[in-house]
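A.B. asks:
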Amino acid sequence: MKFEFFTTLARRIFLSCILCIPSGLPALGQAAELPDFEREVKPVLAKLCYRCHGAEKQKGKLRLDILSTNLLEDARSAERWHEVRAVINLGEMPPENETKLTAEERRVILGWLNPTIELAGKLRQSKGGRVVLRRLNHNEYHNTLSDLLGVSLDYTRDFPPDGVSPDGMLNNGSSLQMSDIQLEFYMAAARAALDRIIVTEDEPKVFRHRFTKSTDGGFPDGVQGANDLGRHRQFIVRMKNDYPEQGTFRIRTTVRVELPEEKGPVPRLRVRVGYRPDTLVDMETLAELDLHESGEQELEFVGRIENFPLPVRGQGKFPGLVVILSNAHDEFSQSGKTQEREITAEDGKKKKIWEHDIRYPRLHVEWLEFEGPFFEQWPPEEHRRILFPSHLREKREKAYIRKVLKSFLSRAWRRPVSRKEVRQYVGFYRKLRPEFPDLESTLRESLVMALIAPDFLYLLEPAASKPRPLTAHEFASRLSYFLWNSMPDNELRTMADTGTLFDEATLSTQVTRMITDERASRFIDSYVEQWLDIDAMNRVEVDTKVHPDFPRNKRIDHLREVIRREPVEFFGEILRKNLSAEHFIRSDFVMLNDTLARHYRFDGVHGGAFRPVSTKRQSVKAKANRGGLLTQSAILLGASTGGDSHIIKRAVFVRERLLDDPPDPPPPNVPELETAEPGFAKLSIREQLKQHNNDAACSDCHRGIDGWGLAMEEYDALGQWRTEITRKLPDGKLIKLPLETLAKLPDGREIDGMEALKDYLLTERREQFARAFVVKLLTYALGRSLEFSDEKHIDALTHRFADDKMRVQTLVQSIVKSEVFRTK
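The sequence shown lines up with residues 13 to 836 when you count with this note's numbering.
Here it is as structure tokens:
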């Protein structure tokens with residue numbers, strides 16, 4: 013009954029807040045007189061364009077003869093005319109086999125299109141096509157709640173997935189909807205979080221355990237390696253019953269590091285916690301770090317026990333809580349494979365051990381301590397951050413609650429709160445007080461209501477009758493959700509309070525600070541995964557018959573994760589060092605750790621941390637040609653079949669992600685390029701395309717696609733350089749085919765191979781790439797799809813970006829200082 017009451021009340025509060033936000037749709041401005049389309053422009057279009065885009069044919073689903081020319085009122089037609097202008101500017105239309113535009117005809121068409129689009133853009137902007145309410149996506153919600161409460165838990169584990177916008181972004185306001193069911197998820201998450209933050213019970217019992225011996229396999233004392241983390245050896249301890257199920261825990265250990273005699277690989281300590289054998293993930297990694305110095309080292313690790321899979325007490329074969337220390341260097345190492353021998357363990361069973369190898373980095377565990385729940389004071393710091401000590405608490409409860417609520421609401425809602433808003437929540441607290449046994453429980457439920465209010469769940473920027481500058485606090489939030497995917501910190505809030513954040517020098521300093529802060533990794537991870545669709549690689553299953561070196565067991569997840577991290581680490585290096593975005597096309601370095609170095613066949617890279625590795629002095633072509641996004645395994649695996657490259661997917665990646673020029677989807681009923689016919693599978697890729705393109709419905713589209721993918725054929729499905737193609741036939745047999753990389757691009761230019769493709773992109777398509785990079789980053793920064801009304805801002809940012817050698821951090825500075833970023 014109580015839950016139903018609170019749920020109904022929550023919906024009322026939520027809806028009342030939403031309905032109080034002004035929609036702010038202004039009146040339509042006056043349009044200037046348009047140039048004469050019928051007399052000057054239409055004859056040129058009829059002569060050169062209507063044959064393919066008229067009544068009989070509509071290639072690309074575009075029909076120009078009836079497309080509305082009233083761009084001021086018809087937004088859909090305006091977008092199509094904007095696309096027409098783009099392909100004319102790129103020289104892609106008319107296509108190479110058709111009559112080209114003369115200089116005069118080009119002047120006539122663009123002379124009508126350019127001012128018409130510019131005028132329509134201005135009026136469209138004044139009409140208020142802006143996103144008023146943008147809900148926090150799951151990533152932003154998790155980060156915000158973690159930063160607000162000071163505890164990071166898996167707050168969104170049970171949430172339904174966020175919607176993805178047509179441009180591939182997860183923070184687009186138009187794709188982030190809200191429903192009654194979602195509101196209940198938010199309420200449950202807020203309540204669960206505050207249950208752990210605001211404590212009402214006495215100081216809990218603390219479990220402490222110290223282990224000096226591994227329980228792994230029952231090796232007898234005296235056998236070398238009982239506590240050694242060498243090849244296939246782990247230090248395993250368990251707590252049968254005495255362990256916490258809630259709160260912070262701490263693990264301390266002393267390990268002795270033994271490095272190889274010659275400079276080489278270093279041991280990598282991995283700490284795993286949990287044990288839930290009835291689930292897919294039975295343990296989670298708490299920490300993993302390389303140890304570069306010999307001798308004893310005392311280490312400490314802290315985590316929240318709720319974030320780890322815990323066993324079900326009383327379950328059959330209940331093992332208790334397990335902690336495992338291992339040397340993760342073992343997983344992909346080729347060293348240390350010395351002869352094994354058998355010994356008899358304490359349980360009488362035979363066990364294999366590996367002899368000591370001086371080339372192998374080893375760890376010896378001296379002892380391990382577990383303590384949990386771990387806290388330095390009670391109530392813990394996160395509780396005291398909300399319910400701070402005050403003399404008002406005992407004598408003037410209402411005044412104390414008012415101070416607590418004002419402080420919490422202001423931080424949670426990311427702005428100063430009014431007296432009326434505080435009074436509303438004080439009244440809510442007083443109404444609930446008889447229902448709960450103490451102040452803490454009542455306040456906890458009051459704060460749940462604050463965490464499901466639109467002021468918390470949305471980035472509220474109420475619109476006015478016309479575009480307006482953001483307030484200082486709105487700007488601080490837009491900035492922090494751009495670069496941190498979370499709420500502003502105290503420094504940003506203080507500058508918003510004082511109004512100094514808008515000072516240009518101050519803002520530059522703050523953006524630099526934010527980019528160098530570890531929280532910027534949230535932006536980097538999120539943006540790169542969405543911009544490049546990194547998740548595509550997880551939708552591909554590698555054919556291990558074609559690629560037998562690719563791990564087939566549980567280690568596959570580790571290799572995949574390393575492959576997935578490369579573009580993220582690459583972007584982070586370019587951003588933080590303010591390098592040119594041209595590095596995304598061609599760079600003289602790659603970001604590697606030891607695992608990825610082995611995958612790419614680079615030598616001399618040791619340790620799990622990513623670092624830049626130069627390709628300048630690489631004599632082997634497979635290494636020298638590395639650099640840029642297009643040779644990274646994450647990109648190439650995502651655009652593959654898992655067995656071989658997929659030139660169409662690779663071409664679409666270049667056009668969509670790097671040039672912002674996605675091809676139209678294929679017509680209905682067009683067959684896939686792959687076929688189960690044995691004869692087709694034996695054909696070269698060029699012969700396959702020729703046969704496929706015999707269908708007229710296919711050939712028109714493929715003319716603008718195939719060349720981009722053919723030029724990338726030097727790299728296989730896993731992103732490894734090759735000189736011939738290995739293909740699996742439908743019957744499972746493997747055959748070898750010659751490599752074909754000569755390609756013809758849409759403008760008629762012929763190129764041969766990846767390096768020629770990079771040259772072409774950095775010369776003939778440099779401006780288009782610069783513009784596309786601006787569009788993608790600006791789309792993410794604003795949390796909405798861009799429209800042709802944004803053209804003047806895109807143009808200004810692109811010109812500044814290109815003139816400044818495409819430095820990425822400088823572009824970020826330009827975006828946050830731009831009118832479009834600072835305007836609602």
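The beta carbon of each residue, even a glycine, is placed where N, CA and C say it ideally should be.
Using DSSP's beta-bridge definition, name the partner residues of F223.
C.D. replies: In the sequence shown, counting from the first residue as 1, residue 223 sits at position 211. F223 is bridged to L380.
A.B. asks: Do you know how far the Cα of I413 is from the Cα of V666?
C.D. replies: Taking the first residue of the sequence shown as position 1, residue 666 is located at position 654. Taking the first residue of the sequence shown as position 1, residue 413 is located at position 401. In a straight line, the C-alpha of V666 is about 57 angstroms away from that of I413.
A.B. asks: For E296, does the three-state DSSP call read helix, strand or coil?
C.D. replies: Stepping through the sequence shown from its first residue, residue 296 is reached at position 284. Under the three-state reduction of DSSP, E296 is assigned to strand.
A.B. asks: Rounded to a whole number of angstroms, what is the C-alpha to C-alpha distance between I317 and R397?
C.D. replies: What you label residue 317 is simply residue 305 of the sequence shown in a count that begins at 1. What you label residue 397 is simply residue 385 of the sequence shown in a count that begins at 1. Separation of I317 and R397 (C-alpha to C-alpha, rounded to the nearest whole angstrom) is 21 angstroms.
A.B. asks: Since R316 sits in a beta bridge, which residues does DSSP pair it with?
C.D. replies: Working through the sequence shown from its first residue, we reach residue 316 at position 304. Looking at the DSSP assignment, R316 forms a beta bridge with T260.
A.B. asks: DSSP three-state label for Q436, please.
C.D. replies: Taking the sequence shown and counting its residues from 1, one reaches residue 436 at position 424. In the three-state scheme derived from DSSP, where H, G and I count as helix and E and B as strand, Q436 is classed as helix.
A.B. asks: Using the DSSP secondary-structure output, state which residues sit across from N339 in a beta bridge.
C.D. replies: Counted from its first residue, the sequence shown places residue 339 at position 327. Beta-bridge pairing links N339 to L281.
A.B. asks: Taking 6 angstroms as the line, does the beta carbon of G123 fall inside it for any heavy atom of the ligand ZN?
C.D. replies: Inclusion of the ligand ZN in the displayed structure is not the case, the ligand content being empty and no account of it being possible.
A.B. asks: Would you give the residue range spanned by the alpha helix (DSSP H) that L148 belongs to?
C.D. replies: Here residue 148 is taken as the residue at index 136 of the sequence shown, counted from 1. Looking at the DSSP string, L148 is not in any alpha helix (DSSP H), and its letter there is neither H nor E.
A.B. asks: What residue does the alpha helix (DSSP H) around R623 start on, and which one ends it?
C.D. replies: Numbered from its first residue, the sequence shown carries residue 623 at position 611. Per DSSP, R623 belongs to no alpha helix (DSSP H); it is in the beta strand (DSSP E), 623–626.
A.B. asks: What does Y493 pair with, by DSSP beta-bridge criteria?
C.D. replies: By one-based count along the sequence shown, residue 493 stands at place 481. Answer is none; Y493 lacks a bridge partner.
A.B. asks: May I ask which residues mark the beginning and end of the beta strand (DSSP E) holding P750?
C.D. replies: By 1-based counting over the sequence shown, the position of residue 750 is 738. Looking at the DSSP string, the run of the beta strand (DSSP E) that includes P750 is 746–750.
A.B. asks: Less than 7 angstroms between the C-beta atoms of P216 and P479, yes or no?
C.D. replies: What you label residue 216 is simply residue 204 of the sequence shown in a count that begins at 1. What you label residue 479 is simply residue 467 of the sequence shown in a count that begins at 1. No.
A.B. asks: Sort S657, E752, S830 by Cα distance to E516 and report the nearest one.
C.D. replies: Taking the first residue of the sequence shown as position 1, residue 516 is located at position 504. E516 has its Cα closest to that of S830, out of S657, E752, S830.
A.B. asks: Within the chosen definition, does the region 602–611 reach the region 568–577 through at least 3 CB pairs nearer than 8 angstroms?
C.D. replies: yes
A.B. asks: Go to I763, then tell me how far its beta strand (DSSP E) extends in each direction, as first and last residue.
C.D. replies: The sequence position of residue 763 within the sequence shown is 751, counting from 1. 762–764 is the span of the beta strand (DSSP E), which, as asked, contains I763.
A.B. asks: Could you check where the beta strand (DSSP E) with A729 kicks off and where it finishes?
C.D. replies: Locating residue 729 in the sequence shown gives position 717, counting from the first residue. Per DSSP, A729 belongs to no beta strand (DSSP E) and is neither H nor E.
A.B. asks: Is Y612 helix, strand or coil when you go by DSSP?
C.D. replies: Position 600 of the sequence shown, counted from the first residue, corresponds to residue 612. Y612: helix per DSSP, three-state reduction.
A.B. asks: Mind the definition here: the region 718–738 touches the region 655–662 only if three or more C-beta pairs lie below 8 angstroms; say whether that holds.
C.D. replies: yes
A.B. asks: Determine the DSSP secondary structure at S657, reduced to helix, strand or coil.
C.D. replies: The sequence position of residue 657 within the sequence shown is 645, counting from 1. S657: strand per DSSP, three-state reduction.
A.B. asks: In or out: F614 buried (at least 16 other Cβ within 10 Å) or exposed?
C.D. replies: By one-based count along the sequence shown, residue 614 stands at place 602. The residue is buried, with at least 16 neighbouring Cβ atoms inside 10 Å.
A.B. asks: If F514 sits next to A484, beta carbons under 8 angstroms apart, how far is it from one beta carbon to the other, in whole angstroms?
C.D. replies: Along the sequence shown, one-based indexing puts residue 514 at 502. Along the sequence shown, one-based indexing puts residue 484 at 472. Yes, they are in contact, since the Cβ atoms of F514 and A484 sit about 7 angstroms apart, within 8 angstroms.
A.B. asks: At least one CB of chain E closer than 7 angstroms to the CB of L160: is that the case?
C.D. replies: Going by chain labels, chain E is absent from the structure shown, which holds only one protein chain.
A.B. asks: Grab me the residues of E378's own chain with a C-beta within less than 6 angstroms of its C-beta, minus the 5 sequence neighbours each way, in chain order.
C.D. replies: Here the question's residue 378 lines up with position 366 in the sequence shown. Correct list, in chain order: T266.
A.B. asks: Could you tell me which uninterrupted beta strand (DSSP E) segments, each at least 3 residues in length, are contained entirely in the region 168–200, listed from first to last along the chain?
C.D. replies: none
A.B. asks: Taking C-beta to C-beta, are F247 and L311 nearer than 7 angstroms?
C.D. replies: To locate residue 247, count along the sequence shown from 1; it is residue 235. To locate residue 311, count along the sequence shown from 1; it is residue 299. No, Cβ-Cβ distance for F247 and L311 is not below 7 angstroms.
A.B. asks: My output table needs one value for T738: the three-state DSSP class, helix, strand or coil.
C.D. replies: Here the question's residue 738 lines up with position 726 in the sequence shown. Reduced to three states, the DSSP call for T738 is strand.
A.B. asks: For the alpha helix (DSSP H) containing I210, list its first residue and its last residue.
C.D. replies: Position 198 of the sequence shown, counted from the start, is the residue given in the question as residue 210. I210 -> no alpha helix (DSSP H), and no H or E assigned at all.
A.B. asks: Name the two residues that bound the continuous beta strand (DSSP E) containing F247.
C.D. replies: Taking the first residue of the sequence shown as 1, we reach residue 247 at position 235. Unbroken beta strand (DSSP E) run through F247: 246–251.
A.B. asks: In angstroms, rounded to a whole number, what distance separates the CA positions of F596 and L333?
C.D. replies: As a working note, residue 596 is residue 584 in the sequence shown. As a working note, residue 333 is residue 321 in the sequence shown. Their backbone Cα atoms lie some 45 angstroms apart in a straight line.
A.B. asks: For H304, which three-state DSSP category applies?
C.D. replies: Translated into positions along the sequence shown, residue 304 becomes position 292. Of the three classes helix, strand and coil, the one that applies to H304 here is coil, per DSSP.
A.B. asks: Return helix, strand or coil for I568, following the three-state DSSP convention.
C.D. replies: Here residue 568 refers to the residue found at position 556 when the sequence shown is read from its first residue. Summary for I568: the model assigns pLDDT 46, below 50, so the residue's position carries little reliability, and this model does not support an answer.
A.B. asks: Whole angstroms are fine: how far does the CA of N101 sit from the CA of R88?
C.D. replies: For the purposes of this step, residue 88 is taken as the residue at position 76 of the sequence shown. For the purposes of this step, residue 101 is taken as the residue at position 89 of the sequence shown. R88 and N101 have their C-alpha atoms roughly 20 angstroms apart.
A.B. asks: When the Cα atoms are used, what is the spatial distance from L303 to V285?
C.D. replies: Counting from one through the sequence shown, the residue named residue 303 turns up at place 291. Counting from one through the sequence shown, the residue named residue 285 turns up at place 273. A straight-line Cα-Cα distance of about 20 angstroms links L303 and V285.
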